[in-house]
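First residue of the sequence shown: 1, per UniProt numbering; consecutive thereafter. For glycine and all other residues, C-beta sits at the position ideal for the given N, C-alpha and C. Okay, so here's the structure we're looking at.
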Amino acid sequence: MEDGFNVGARLRQLRQERQLSQRELAKRAGVTNSTISLIELNNVSPSVSSLKKILDALPISISAFFAGDEPNHPSPFYRAAELTDIGDGQLIWKLVAARRPDRRMSILHERYPPGSDTGEDMLEHDGEEGGVVVTGQIEITVNGEVSLLGPGDAYYFDSRLPHRFRNIGDEECILISANTPPTFSDGGQELHHA
1 MEDGFNVGAR
11 LRQLRQERQL
21 SQRELAKRAG
31 VTNSTISLIE
41 LNNVSPSVSS
51 LKKILDALPI
61 SISAFFAGDE
71 PNHPSPFYRA
81 AELTDIGDGQ
91 LIWKLVAARR
101 PDRRMSILHE
111 RYPPGSDTGE
121 DMLEHDGEEG
131 GVVVTGQIEI
141 TVNGEVSLLG
151 PGDAYYFDSR
161 LPHRFRNIGD
171 EECILISANT
181 PPTFSDGGQE
191 LHHA
């Protein structure tokens with residue numbers, strides 16, 4: 001997750017604001033009580049799919065989860081150090097303009113180390129997504145169709161179709177992607193491939 005961002009404290013804050021016990025949040029999210037406890041104690045870094053399940057149960061978008069204060073007139077330019085990492089510690093997904101008010105799309109700089117995977121549970125959410133592989137290779141499964149993409153190759157699909165991203169190669173894969181709607185969940189309806 002983003003350097004300096006306390007995922008556990010933020011999750012605890014949101015859970016307590018909604019007057020939910022760890023047990024109740026775990027039940028709503030379909031995860032174990034110990035998962036919630038370990039995340040709140042920062043003893044584990046949740047996978048993107050686990051964090052999505054938990055945030056959907058609150059409900060809160062991933063952007064709102066990581067958001068801070070954005071100036072009233074945000075700059076149109078974002079330096080690499082200003083991008084918000086919404087990955088899970090293994091996958092690195094740097095979101096452009098995470099705190100920009102009224103953002104209508106998400107643009108991500110994604111890094112998949114060898115062996116990384118968005119998870120065995122196929123992802124499905126409203127919207128569309130697309131991207132271009134910059135370096136390395138990524139195996140993408142969409143609605144049962146599998147393809148291995150390399151540098152310069154691209155993808156674009158309806159995000160309601162079940163999908164998964166895996167780096168089955170021996171070198172890091174970097175890709176640039178965009179999706180709409182821009183946030184991970186609005187009552188569990190929005191998500192990038194996480």
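Segments assigned beta strand (DSSP E), at least 3 residues, entirely inside the segment 94-137: 106-112, 128-135
Buried versus exposed, by CB contacts within 10 Å (16 or more), residue 41: What you label residue 41 is simply residue 41 of the sequence shown in a count that begins at 1. Exposed, since its Cβ has fewer than 16 Cβ neighbours within 10 Å.
Backbone CA spacing between residue 85 and residue 44 [nearest angstrom]: Residue 85 sits at position 85 when you count from the first residue of the sequence shown. Residue 44 sits at position 44 when you count from the first residue of the sequence shown. Looking at the two C-alpha atoms, the distance is approximately 16 Å.
Short Cβ contact (7 Å threshold) for residue 124 with residue 162: Start at 1 with the first residue of the sequence shown, and residue 124 comes out as number 124. Start at 1 with the first residue of the sequence shown, and residue 162 comes out as number 162. Yes, they are a contact pair.
CB of residue 136 within 7 Å of CB of residue 172, strictly: As a position in the sequence shown, residue 136 is number 136, starting the count at 1. As a position in the sequence shown, residue 172 is number 172, starting the count at 1. Yes, the Cβ-Cβ distance between residue 136 and residue 172 is below 7 Å.
Coarse secondary structure for residue 69, derived from DSSP in three states: For the purposes of this step, residue 69 is taken as residue 69 along the sequence shown, with counting starting at 1. Caution is warranted here: a pLDDT of 45 is assigned to residue 69, below 50, making its placement in the model unreliable, and no coordinate value can be reported.
Secondary structure of residue 179, DSSP reduced to three states: For the purposes of this step, residue 179 is taken as residue 179 along the sequence shown, with counting starting at 1. It is a strand residue.
Selected residue, minimal CA-CA separation from residue 160, among 8, 176, 181: Numbered from its first residue, the sequence shown carries residue 160 at position 160. Ranking the options by Cα distance to residue 160, first place goes to 181.
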